[in-house]
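If you want my numbering, it's the position in the sequence shown, counting the first as 1, plus 32. Backbone N, C-alpha and C fix where the C-beta goes; we use that ideal spot for every residue, glycine too. All figures in this text were calculated on a predicted structure; none of them were measured in a lab.
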Amino acid sequence: MLKRSKFETTQSQVMHRAEDLISAASNRYRITVQVANRAKRRRYEDFDNPDDTMMKPVLRAIIEMSDELTQPEIIGEV
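In structure tokens form, the structure reads like this:
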């Protein structure tokens, strides 16, 4: 039986979001490193929470960063 993510994002949606991130960035290498660093940080933050292990950290980082790109109100102005 396949594991189902509670987020229900398909592979094509993740690819589309990754393409949006890369196209919006001025430097492809830098955005790739930012995604990797966020995924690494999330991996260690979520290590104690077994409920969030359904989605891999890299996929979660891509989705979060693309949401921040398309919905700037998520970040909020201080």
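If residue 93 and residue 74 are in contact, beta carbons under 8 Å, what's the gap, nearest whole angstrom? Taking 8 Å as the upper bound for CB-CB distance, residue 93 and residue 74 are in contact here, some 6 Å apart.
Do you know whose CA, among 103, 62, 100, 95, lies nearest residue 43's CA? The residue with the shortest Cα to Cα distance from residue 43 is 95.
For residue 70, which residues of its own chain have a beta-carbon under 6 Å away from its beta-carbon, when the five flanking residues on both sides are left out? 93.
Less than 9 Å between the beta carbons of residue 53 and residue 101, yes or no? Residue 101 is positioned such that its CB atom lies closer than 9 Å to that of residue 53.
Residue range of the unbroken alpha helix (DSSP H) whose run includes residue 50: 43-56 is the span of the alpha helix (DSSP H), which, as asked, contains residue 50.
Between which two residues does the alpha helix (DSSP H) containing residue 59 stretch? That residue, residue 59, is in no alpha helix (DSSP H); it is neither H nor E in DSSP.
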